[in-house]
Each structure stands twice: as C-alpha cells, then as structure tokens.
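**Q** Throughout the sequence shown, residue numbering follows mature numbering (1 follows the signal peptide of the UniProt record, and there is no 0), covering -20 to -1, 1 to 830 in sequence.
From the three backbone atoms N, C-alpha and C, an ideal C-beta is built for every residue, glycine too.
Quick caveat: nothing in here was measured; it's all calculated off a predicted structure.
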Amino acid sequence: MELIFIIFHVAMAIINSYTAQETCSLRGEPAYPQLWKDGDILVGAIFPFHFKWEITDLSYLVMPSVKCARMEFRAFQYSQTLIYAIEEINNSSSLLPGVSLGYKIFDTCGSAAQGVKVAMTLVNGNENSASDQTCTKPAHVQAIIGETFSSVSMAIAKSIGPFSIPLISYHSTCECLSDKRKYPSFLRTIPSDYYQTIALAELVKNFGWTWVGAIKRDDDYGNSGMAAFIKIAEQLGICVEYSLPFFITYSKERVLRIVEQIKSGTSRVIVGFVTPREFEILFQVFAEHNITGYQWVGTEGWIADPVAATLDKYNILQGAIGLAIPKTTVTGLKDFILDVKPLKSVGSAIFTKFWEALFTCTYRGQNNSVGMPMCTGEEKLSEVINTFTDMSMMPIFNNVYKGVYAIAHTLHELLGCKQTCPTKTQPDPFTFLEHLKKVCFKTKDGEDVYFDENGDPPAKYEIINWQKSKESQYEFVTVGLYDTSVPGKNRLAVNMASIVWAQNTNQVPKSVCSESCPPGTRKAVQKGKPICCFDCIPCAAGEISNMSDSVECERCQQDYWSNADKNKCVKKEVEYLSYQETMGILLTVVSIVGSLMTIVIAFIFLKYKNTPIVKANNSELSFLLLFSLTLCFLCSLTFIGQPSEWSCMLRHTAFGITFVLCISCVLGKTIVVLMAFRATLPGSNVMKWFGPPQQRLSVLVFTLIQVLICVLWLMISPPFPFRNLLHYKEKIILECSLGSTIGFWAVLGYIGLLALLCFILAFLARKLPDNFNEAKFITFSMVMFCAVWIAFIPAYVSSPGKFTVAVEIFAILASSFGLLFCIFLPKCYIIILKPEKNTKKQIMGKVPVQ
C-alpha cells in the first residue's frame, strides 16, 4: 500500500515539475510544515515527529491519506538542533553576514511515502492547493536535512536526485546510499554502514568469535548492513550461523520461528542490525522463551540508545558491546533544547501535541474525554524525565548541527561573502551540490567536517559496553575506539580488562563452531558446513604447522623433518654405522679379535714351522693365507665410521682384493693336496708342474685379476659418499653408493667363482687316504664360506640403512672366521695339545690306530 502511495506522489511530482502548463495545481491533500521561519534562503528539514502511521480510506475511490500517531521526542530534539544552528548562523558576523537563513520542517511519521510527499513539497514549494506560478520555477529550498531511517532517505533521495537538491542525513547509515549513480545528491554526516560493518567484523574477530548469529531489521538498513557484514566477516574467517529478518509488523507465528532458530543454534554471540523499536517487541518474547545469556553485538543504531536500555527489563542485553558515534558536545545546545519557547513560537499546532505528550496532559478543556489532567502551560521541564530531556544522543544532534553548517559554509563560498554578502540570490542547485561535496571547515568546537567522493564523512566509533550500575541501571561504558584514519591493525583499540560480558562475567564468551586447531594440525572443512566448522587433522610426517588454525601444513626442507608434535622442523638424524654405537663397537671388537687370533696362529706356525704338520701343508701358502685373513679381518673396519671418499673406495676394493688373495691361497693349497696325492702314484711326476714357484704365480695371477677389476671399477664409476634421503624419510642415511653396480657384482662374482672352484677341488680330494687330509677342512671352510655369501645377497639387498653395512661386515667376519677355524684350528689342536701326533709317520698314516 505504501509503495502505491509513493508511486502516486512521485508521478504527481514529475508531472508538476515537467508538464509545460501555464499554471500548476496540487492534487490531493497538501502538506504543511510543522515548524517554519522565513529567510532569504530556506533550508528544508524532514524529521519523524511521529513513528507510527496508518493509511486511511482504502476504498481506492479517493487518494489515501496517512494518519500519524505516537509522538517521537527525539525528532523534536533534532528540530531544536537545526533551529539552534540556524539561529547561531544568523547571529554570526563572520558566516553569511547580511543573509538570513529560514527553514521549513516537515513530519514524515517514519513513512517513506509521506517522506517523498513532503520532499517534493519542499522542492516545489507547493504547500497551497493551487498556484498561479509556472511549474518550472526554481527549487524552493537550497538543501534538505533528513531523514532518520535509511529506507525513508532512500525514497526521498531518489525523488529529489534529478533536481540536484542535496539531502543531508544525520542518521541514515545504509551503505547503499553511498552509490552516487542511484543517489547523486545524497550526503550524510554520520558514517556509512560500510565502515561500521568492517569495524563490527574486526571487533568480533578481535574477541575470537568465529561462529555468530544475527538479527536484522527487515528493511534496507538491516538487509544492506547485514549483507555487508557477512561479506566482510567471511573474509576474516567468521561465519554467520543464521541471519534472521525481523520487523515490528511480523506475526506472532513468524516471531516464534525466529525464537526457535535462535534456540536451536549453537552460536553464543548475536549481532543485531536493529533499532530500539524491534527490541520493544523482542524483549518480551525472548524473556518468555528464556533466550538470555547471549553476548549481543550492536550497531550504532541502538547500542548507545537509552530507550533500548530502558526497555530491557529482563537483562537480555546485559554485557552487550558495540559501536557508537563518539561522544561530543555542542556548546549551548543542551540549554537551547530544554528551552521549549522556540518550539512554541514557531509551530503552535505541533507544539500543543508535543506538550500534551511530554507532560501527559491535555488542552481539550470541556471536551476532555480521556481523563487526563489539564495542561496549564506552566509545567516545568525539570520535573520530567524522558527521552526529550535525555542528552545521550548528543552525537546525533551534532550530526544535524554539522549538516546545517555545511550548507551555510557552502553558501558563504558561493555568494562570495567577506565582510558582507554581495548577493542574497539562491545559487543554482547543481552548482550548490558540487560545492557542497567539496566543503571543508571546522566547527566551533574544533571538529573537522568534510565529505569523501561518496558523500560520506570520516568514520570513528567508540566501543560501548553495557554494564549494570549499583542502582541496577545500565551504564554505557566506553571500552575502546575504532578509527579508520589510523592505518592497519592499530585502528582497533580495546581495553579488555574493563569489559563486563554477558551474564555479568569477566571471561570472554566462546562462540565457535569448532575448537581452534593447535599447531601441528590443519583445518579440514566438514562436508556441507561453513568453513568455520572443521576437523583438526594432524599434519603428515615431514610436514608442520607452527600456528593455530593453519589451513595447510608446510613441508619441511629436504634436510629437515617434523618433530613429534608436528609444529617444528628439526634437523634430520644422520645415520651411519658409528664406532660409538653398540653395534659398531661389537663389530670392531670382533674384527680386532679375529685379526689377533690370526696373528697368534701365525706365531704358532712360525714357532713350529719345522714340525711335520706345518711342513706337510705347504707352510709358505699357510703363512700367506694367515696374512690375507688378517687383512680380511682388518678391512671390515673400513666399513665402520662416517663414509668419506677414500673410505668408500677403500672398503670395497680392499675387501675384494684381500678375499681373492685369501681364496687364491686356499685354492693353491687344495691343488697342492691333489698334486701331492698324484705324486705318490707310481710313475707320477706332476709335482714338478706345481711346485712353489707355480703356487706363488697362481696366487699372484688370481689376485692381479681382481686388482684389475677393482682398478677398472675405480676408473669408470667409483664408490662415493651418498646421503640417502629416500629409504627413511625422517632421517638421512650416510652410505657409500656403489657407483657402478656392475663393478661391485663383478668383484663379488669373481670371489664366488674362485670359492666355487676351490670347493669343487676340495670336495674331490676329501677322501684321499692321508691320515691328516687337509682337503676335508678346506671343504668345510668352503661350505661355510659359500653359505655365508649366498645368505649375504638377500640380506644385503633387504637390510635398511646402517644394517646394510653391518650385514656386509658380518659376512666378511663370518667367512673369515670360517676359513680360520676350519683350516687352522685342527692343526693348532695337534701342535699344542697332541704333539705326539705331530710326526711324519702319523701324517703319512703309517702308525697303526690304537
């Protein structure tokens, strides 16, 4: 219905403004100012003197009219502020000297339709029912101050925008009004909700709340403000669990649905983009359904309004925190407002209604049918305590005051005023608007006033906290400041110690969908839920997160690994077979013991070198074999310790050459045994083909072949130190890379070939008839040797890290001990413990067995 009314008045206004007729006539009921004063240049004003309205006569046969109800005392304070500013300017000798400002103040009743009607009345000056003037006459007022509500300001600004008449609002904060394409002539002296939503979101984030609910006034102010808040909140990682629209005309069933949504929600913080009007209804419903203990976050629309505090009889908003226009004073304004004589002198009709509502009396005389006392006109304002006598909205009064002074300073510049103004002619609206956008001045109290490119003033907010006084009354305590002129994070300053939270606690409430993820974990959003609802997933091995609520885990550098808590990268443990660790010590001891045992046996053989058992087994090859076994035991030490270039090349080549030398000696001894047996046969002369020179030559040739293989290996692709990062991710294996695997397996293969040949020859000689047949012991030693190295291959391939080296050392030591024990231990037994058997007859088997 109101939309129809708006369309009708806009259409009529356009017709009245642009129809080329000789005379204009106003159709419908004319609008009259509530307060007025003549002057050289007029300033229009639109205030909601009433905040409730009804549309009467909906027969659609005549134009509907608006009936206003419920007096709004705040609007009278705003009007008094405007009158005070104009009177001050008119009495000034430095601002607009010789030019008087007049005003016409209209009532909108909080109705957008009525607001458009009175705005068009101000623009066209058609308060009378008929006019003989042309419809193309100049604008009647230079600018308009108003309106309180954003939705009404939007309707007015769209209507008067084509005429370039400025509308300067003192209270409309909707961000949408900053759009100069839609509202080219709109300016305001109160910060836009754009800055307020940023400040609110940063305030919520500062307290660690990432999961909040919201209630918004279901109009342009609430919907636009909440949309902007949600957008900025999402950028800061804040989620809005629900955003519930509410309006005073909602049905009871719809209000109950809102209540159920709040109760079923898990957030403990509610952001309210509402006005005290909504709280008047919500408080009663919330109290009935025990919706208490929530932490409320408020906008400047209600957080510092004493009306809301008076309505909260159930402590629902206790501990509320929010943004308010900074406290300020206008010198002399308070006394002027409380002096109601100006109101009485400029508007008797509205003054009568105001006086009756202010003192709850009536001027009706004999027609008094409501039972109220009669008004005498001598009632004292000091005896009344209500919103009219409350000066807590002084920052808003100051916004009205600054708006009037912005008009005056612009006029002063355009009229070329110095000692006096050379003309009193009203400037062209478009020219005036362009200069008004660029005006910059200081108020008498030192406050800078200017507009940005969107017609908005700089934003600064006090952070207000609702605290109970000793008298159980709410006090608005300033606990911080938000200033957009301060760069970066410093623009928000909060004194946490001075805040009292919901339920009268000093502990900051918690309102999160999911608890914060500690360092060492990352956030994983729960499927189908907002980003604030997440699970904490531990970082994978080798990854860390060193701060709370990390979205991703960071991988450590190559030489680093994550610690047990996954919150720090630590240097990877370097692993190699060390002389300091138990395994390294044991292998070192065994290696030295083996070499010492070999040396001891060599000394025994040297001492008894002339005995038959030593001579019979080719003492020269025996000593060479003992020497090579000593080297075999000692070469295992090159495998222990931190790998270096020389140790990597030495360990495999020394191992390959010494073992070939050892096997060559064993092979030589085996051949000698076979030759010796053949030499005992009649007519045999084979020993001359394998005497001592040939034995030495065979050992030398076999060994030189291995030396040649090792030299080629070292020349083509030698072993080198290698940092193995792949086998263990959490540590670095220092090992010797083989370089050429062909070279390594060639070395092993050649050793295996000689060992196999030796084993075959020894096996063939195992049943020779000698009493002390060395071939049997060589066979046993070769069986053990081959078994060890055959088992070595899979163990070597499958062993990790330093155990690979340990397996290789074990194979060297085991095979060396096998050769030492199987070949030399039986002889030492005879030499030391059974010397009676160490005779030529015993060895030749010519002594009968006892």
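With DSSP run on the structure shown, which of helix, strand or coil describes P420?
**A** Checking the sequence shown, residue 420 turns out to be Cys, not Pro. Strand at C420.
**Q** Could you check what DSSP says for D436 in three-state terms: helix, strand or coil?
**A** D436 falls in the coil class under three-state DSSP.
**Q** In this structure, what does DSSP give as the bridge partners for V457?
**A** V457 pairs with N445.
**Q** Does the structure place the stretch 486 to 501 close enough to the stretch 467 to 475 that three or more beta carbon pairs sit under 8 Å?
**A** They do not touch, by the three-pair rule.
**Q** Mapping DSSP to helix, strand and coil, what is W282?
**A** Three-state result, W282: coil.
**Q** Using alpha carbons as the reference points, say which of G522, K321, N445 lies closest to N486.
**A** N486 has its Cα closest to that of N445, out of G522, K321, N445.
**Q** Based on Cα-Cα distance, which residue from L75, Y64, P77, S133 lies nearest to A92?
**A** Looking at the Cα atoms, S133 is the closest of the given residues.
**Q** Going by alpha carbons, who is nearest to K756 out of V679, P518, V646, V184?
**A** The candidate whose alpha carbon is nearest that of K756 is V646.
**Q** Rounded to whole angstroms, how far is the Cβ of I145 from the Cβ of I124, which I believe are closer than 8 Å?
**A** Indeed, because the Cβ distance is near 6 Å, the residues count as touching under 8 Å.
**Q** Rounded to a whole number of angstroms, what is the C-alpha to C-alpha distance between L793 and P701?
**A** So the alpha carbons of these two residues sit roughly 23 Å apart.
**Q** Considering only residues of the same chain and omitting the five flanking positions on each side of I620, which have a CB-CB separation below 8 Å?
**A** Excluding positions up to five away in sequence, the list reads L557, S558, Y559, G564, L567, T568, V785, I789.
**Q** Can you name, in chain order, every residue of its own chain whose Cβ lies under 6 Å from the Cβ of D463, other than the five neighbours on each side?
**A** Once the five neighbours on either side are set aside, the close Cβ partners of D463 are K440, R471.
**Q** Please say whether S131 and D436 have beta carbons closer to each other than 8 Å?
**A** No, they are not a contact pair.
**Q** Got a sec, what are the start and stop residues for the alpha helix (DSSP H) D87 sits in?
**A** Taken as a continuous stretch (DSSP letters only), D87 belongs to no alpha helix (DSSP H), being part of the beta strand (DSSP E) at 81 to 87.
**Q** Is DSSP giving W191 helix, strand or coil here?
**A** It is a strand residue.
**Q** Which partner residues does G302 have in the DSSP bridge list?
**A** Note: G302 sits in a beta bridge opposite G278, I444.
**Q** What are the start and end residues of the beta strand (DSSP E) that includes V550?
**A** V550 -> beta strand (DSSP E) spans 549 to 551.
**Q** Look up S149 in the DSSP assignment and give the residues it is bridged to.
**A** The partner list for S149 (beta bridge, DSSP) reads R168.
**Q** Contact between the stretch 573 to 584 and the stretch 538 to 553: three or more CB pairs below 8 Å?
**A** With the cut-off at 8 Å, the stretch 573 to 584 and the stretch 538 to 553 do not touch.
**Q** Is the CB-CB distance between S478 and V505 below 8 Å?
**A** No, the Cβ-Cβ distance between S478 and V505 is not below 8 Å.
**Q** Tell me which residue opens and which closes the alpha helix (DSSP H) that D315 is part of.
**A** Segment 313 to 318, the alpha helix (DSSP H) holding D315.
**Q** Could you compute how far the alpha carbon of I511 sits from the alpha carbon of S627?
**A** Using only the alpha carbons, I get a separation of about 57 Å.
**Q** Beta-carbon within less than 7 Å of R54's beta-carbon, same chain only, minus the 5 sequence neighbours each way: which residues are those?
**A** Taken in chain order, the residues that qualify are T367, M373.
**Q** Name the DSSP beta bridge partners of M354, please?
**A** Its beta-bridge partners are T342.
**Q** When you compare only the Cα positions, how much space is there between W276 and F253?
**A** Distance between the alpha carbons of W276 and F253 is about 11 Å.
**Q** Between R50, M51, Y58, H120, which has its C-alpha nearest L81's C-alpha?
**A** Closest option to L81, Cα to Cα, is H120.
**Q** T101 to P438, Cα distance in whole Å?
**A** About 32 Å.
**Q** Work out the CA separation of S149 and Q113 for me, nearest whole Å.
**A** Here the model assigns Q113 a pLDDT of 47, short of 50, so the residue's position is not dependable, and the following value carries that caveat. Each residue's alpha carbon lies about 30 Å from the other.
**Q** Is it true that the stretch 717 to 733 meets the stretch 686 to 701, where meeting means three or more beta-carbon pairs spaced less than 8 Å apart?
**A** These segments touch.
**Q** On the premise that I305 lies in contact with I170, defined as a C-beta separation below 8 Å, what is that separation, rounded to the nearest angstrom?
**A** That pair is a contact at about 7 Å.
**Q** Tell me the residue span of the beta strand (DSSP E) that contains P225.
**A** Start and end: 219 to 226.
**Q** According to DSSP, simplified to helix, strand and coil, what is K196?
**A** Of the three classes helix, strand and coil, the one that applies to K196 here is strand, per DSSP.
**Q** Could you give the DSSP three-state label for G205: helix, strand or coil?
**A** Helix at G205.
**Q** Indicate the three-state DSSP secondary structure (helix, strand or coil) for C516 in the structure shown.
**A** DSSP places C516 in strand when its eight states are reduced to three.
**Q** Got a sec, what are the start and stop residues for the alpha helix (DSSP H) L22 sits in?
**A** Here L22 belongs to no alpha helix (DSSP H); instead the beta strand (DSSP E) covers 21 to 27.
**Q** Is it buried or exposed, Y809, if we count other Cβ atoms within 10 angstroms and call 16 or more buried?
**A** With fewer than 16 other Cβ atoms within 10 Å, it is exposed.
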